[in-house]
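Heads up: the structure comes next, in structure tokens.
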Amino acid sequence: MKKDNKNKDHTTPNTSAQNIGRRDIIKGLAAIPVLGAFSYAWIRKNRIDEKFRKQMREVVHLTSQPVEIAPSIKDGKPIRLGIIGFGIRGKQLMRAAGFPEPSWIDEQIQDHAENKRNTNYESYMEQEQLDIEVNGVCDVFTVYSEEAALAGSNVNREGAKGKMGKAPKQYRTYLELLDAPDIDAVIIATPDHWHATMAIEAARRGKHVYCEKPVSWTVPETYELVKVVKEKGIVFQLGHQGRQTESYTKAKEAIEKNVLGKVNLIEVCTNRNDPNGAWVYDIHPEANPSTIDWDQFIGPAPAHEFSLERFFRWRCWWDYSTGLNGDLLTHEYDAINQVLGIGIPGSVASSGGIYFFKDGRTVPDVLQVVMEFPKHELTFLYSATLASDRSRGKVIMGHDANMEISDRLVIYADPQSTQYKEKIESGLIDPLAPIYAFTPGKKGADGFATATEQYFASRGLLYTYRNGRRVDTTHLHIKEWLNCIRAGVQPSCNIDQAFQEGISAHMSTKALLENRRVFWDADKQEIV
Amino acid sequence: MSNSVIINKYTNPQTFFLVALRILLGWYFLYEGLVKIANPDWSSFGYLMDSQGIFAGMFQSMASNTDVVTVIDWLNKWGLTFIGIGLMFGFLTQLALFFGMLLLVMYYLSHPPLASVSYVLPQEGSYLWVNKTLIEIFAMAVLLVFPTSHIFGIDRFIFKSNKK
């Protein structure tokens, strides 16, 4: 330290009491030039940012408002529901309708206590009550039937110690449930081989139907269902809750405004890598021939001796299942059909095999499906594996830009784009940076979220929790169906959309099993 | 300002670098504050939820209450801004340093750079126990014990009478 050396008295303020000297002022306000520099930098940065935003808004002129959720119609008359099937999906649907199992509520409370980040319980309790009553439940496994009745009585969404309401009646068969006069509408969440049969019987009795995907198990019943639903004029909703995903709505808007240019290729996929994802579900310890009505489970399927594996893991056998096509391709297809309105493909080719889960299943665990849409001049490519979860996005590729759709929507300009050529050359558009990014719940939507925001958003940590409530799309999908019943109109995933979904999936299965390219005869409305 | 009485003689370079450090820290805080004020979508929510280490539970429970988040947002936006102005202009500097350090300690405790944790928010370097926040805290501590605002700063006027 050279304190002794060259000491200058900077430290003692001017003590001449009368006035503050010039020297004082300069020393006191020494930072003014720095503030000047700061202000200059700040204004300049904001100007550049604003100019950029303005120009970009002209490039991608999508509305920046979040997608509005239609309010519930309140007519004071509860809709009386019946539930058929209370397995994994049935339980989720009941929760989404506002009737959780008490044990599930206890689990959510416990999870939150253990991990504050888990806000499922809070979000769930914020879910709107839909003004419905559950009057009947039916499941061929008595344990599930009782659980369904308990959930149906959980009108206050409480845990096991809570106060339950009146329990719905447990029906032995679905036909008895459908015949009940105190049921207006049914939710069908059974194995695939029962979907259309039950939906047809429900429609014949004038009951509105929310049916899990896929719409049907065979081709002929698909036509029959469309016919009955239209004749009876019931409100039919197919269970593709992706219809309620905000980013899909935004994607549709982008397509309509030609942001992508000519779309020519669509890539969608399924990537799973765990037994549960591959349909190797748990076998319930209380399941046995006396607690399961095996004959009723079999129904329209080929006869087979009692098998717990087949009962709980039915998706693994063509006898009850529609494989990857019905279970997972349909979600991807419906998402794209919602965005692009592609309809039924002109032709479908498919290949795959049972390459990993050699557990006696008959449906492939790795599958590719190529759908051609000559009318739209594009190919839809579906690629699935149940034994690797390397994430591959849902991508729509156009000449001018491409977009990846998840809960978010991100659009990148193509370096070789014609539409954006000048803007890329002038540097306004950087093909490596998104020209548009939508994050659910965020007020504005543009490509300029900071890196921090992007990261938080991609982990679902930001807007979906804060501004926008985090809402279950299945809940919204059921709500839309109920609103349509009250208003007497058809919902987003109506019977026409369901028909397109069903036929596309059947074409894929047919192409795979017959090992040939199958075609759609649009005039005859037939698969050839 | 009792410290300033004890250490009241700096060399020119000492004064220059101490004042420069103070102004640079001020710039840093001021910009961090203003940029948050300017962005209507900014919230501390994501950062709080991304907390790790032994205090994570406390920060996350703060984030779970919307009203608390609103208060924290406000304190961060305006706190950072006023601390920035304070440091830059040498205005109530000791107070600004104290609250600045308090904020930084909070950031450090919510995002400790431990070997065992990782964050959603990527860091632009790799840190073990010591990160930029901690160094900033200590830089501010240095300024706290080597005050300069009575030489170059508005505090010169405010605390004038005390210095007789």
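Residue numbers (numbering that gives the first Met the number 0), protein chains in the order written: chain A, 0 to 527; chain B, 0 to 163.
Note that the Cβ used here is the ideal one computed from N, Cα and C, for glycine as well.
With which residues is glutamine 236(A) paired in a DSSP beta bridge? Per DSSP, the beta bridge partners of glutamine 236(A) are Tyr209(A).
Strictly below 8 Å CB to CB, what residues from chain A border serine 63(B)? Lys115, Thr118 and Glu121
Please compile the residues from chain A whose C-beta is within a distance smaller than 9 Å of the C-beta of methionine 87(B). Ala30, Val33, Leu34 and Phe37
Let me see if you follow: with CB-CB separation under 7 Å, is isoleucine 53(B) close to chain A or not? No, no contact with chain A.
Within its chain, find whatever has a CB closer than 7 Å to the CB of phenylalanine 44(B); leave out the 5 residues flanking it on each side and keep chain order. Ala62 and Val68
Would glutamate 132(A) pass as a contact of glutamate 100(A) if the rule is Cβ separation under 7 Å? Going by C-beta atoms, glutamate 132(A) is not nearer than 7 Å to glutamate 100(A).
With distances taken between CB atoms, is the gap from isoleucine 84(B) to glycine 99(B) smaller than 7 Å? Taking 7 Å as the Cβ cut-off, isoleucine 84(B) and glycine 99(B) do not qualify as a contacting pair.
Looking only at DSSP bridge pairs, what is valine 136(A) linked to? Ile82(A) and Gln169(A).
Would a check of beta-carbon distances place lysine 50(A) closer than 7 Å to chain B? no
Cβ-based burial, alanine 486(A) [other Cβ within 10 Å; buried from 16]: exposed
Which residues of chain C have a Cβ atom closer than 8 Å to the Cβ of phenylalanine 81(B), listed in chain order? Protein chains A and B are contained in the structure displayed, whereas chain C is not.
Return the residue from the list Gly322(A), Ile187(A) and Gln367(A) that minimises the CA-CA distance to glutamate 211(A). Ile187(A)
Starting from threonine 269(A), follow the beta strand (DSSP E) in both directions and report where the run begins and ends. For threonine 269(A), the uninterrupted beta strand (DSSP E) run begins and ends at 262-270, by DSSP.
With a threshold of 7 Å between beta carbons, is serine 60(B) in contact with chain A? It does: the Cβ of serine 60(B) has a partner Cβ on chain A nearer than 7 Å.
Taking contact to mean 3 or more Cβ pairs, one atom from each stretch, closer than 8 Å, check whether the stretch 155-166 of chain A and the stretch 184-204 of chain A are in contact. no
Within chain B, the residues that lysine 53(A) reaches when beta carbons sit closer than 8 Å: Ordered by position in chain B, no residue passes the 8 Å Cβ test against lysine 53(A), which lies about 16 Å from the chain.
Range of the contiguous alpha helix (DSSP H) that encloses valine 70(B): 65-88
Show which residues of chain A have a CB atom less than 9 Å away from the CB atom of glycine 99(B). What glycine 99(B) touches in chain A: nothing, since even the nearest Cβ is about 16 Å away.
Rounded to whole angstroms, how far is the Cβ of serine 102(A) from the Cβ of alanine 159(A), which I believe are closer than 8 Å? With a Cβ gap of about 6 Å, serine 102(A) and alanine 159(A) count as contacting.
Between which two residues does the alpha helix (DSSP H) containing aspartate 191(A) stretch? From DSSP, aspartate 191(A) is part of no alpha helix (DSSP H); its letter is neither H nor E.
For glycine 459(A), decide whether its Cβ has a neighbour in chain B, counting only Cβ atoms nearer than 7 Å. Residue placement at glycine 459(A) cannot be trusted, given a pLDDT of 49 that sits under 50; the coordinates are not used to answer.
Hey, lysine 115(A) and glycine 56(B): beta-carbon distance below 7 Å or not? yes
Buried or exposed for glutamate 304(A), going by 16 or more other Cβ atoms inside 10 Å? exposed
Taking its Cβ as the centre, do 16 or more other Cβ atoms sit within 10 Å of asparagine 134(A), making it buried, or is it exposed? buried
Any C-beta of chain B under 7 Å from that of lysine 26(A): yes
List the residues of chain B that aspartate 23(A) touches, going by C-beta distances under 8 Å, in chain order. Arg155 and Phe156
So, with DSSP's three-state summary, where would you put asparagine 514(A)? In the displayed model, asparagine 514(A) falls within coil according to three-state DSSP, outside both helix and strand.
For lysine 256(A), count the other beta carbons within 10 Å of its own beta carbon; 16 or more makes it buried, fewer makes it exposed. Which is it? exposed
Just list the beta strand (DSSP E) runs in the stretch 371-454 of chain A, keeping only unbroken ones of 3 residues or longer that don't cross its boundaries, in chain order. 377-384, 393-397, 400-404, 408-412 and 435-437
Within 10 angstroms of the Cβ of alanine 334(A), are there 16 or more other Cβ atoms? Answer buried if so, exposed if not. Alanine 334(A) should be labelled buried.
For serine 38(A), the first and last residue of its enclosing alpha helix (DSSP H): 31-58
Report the neighbours of tryptophan 41(A) on chain B: residues whose CB is nearer than 8 Å to its CB, in chain order. Tyr30 and Leu33
Using the rule of at least 16 other Cβ atoms within 10 Å of the residue's Cβ for burial, across every protein chain shown, is serine 507(A) buried or exposed? buried
Mind checking glutamate 479(A): buried by the 16 CB within 10 Å criterion, or exposed? buried
Can you look up isoleucine 291(A) in the DSSP assignment and give me helix, strand or coil? strand
Helix, strand or coil, according to DSSP, for glutamate 525(A) in the structure here? strand
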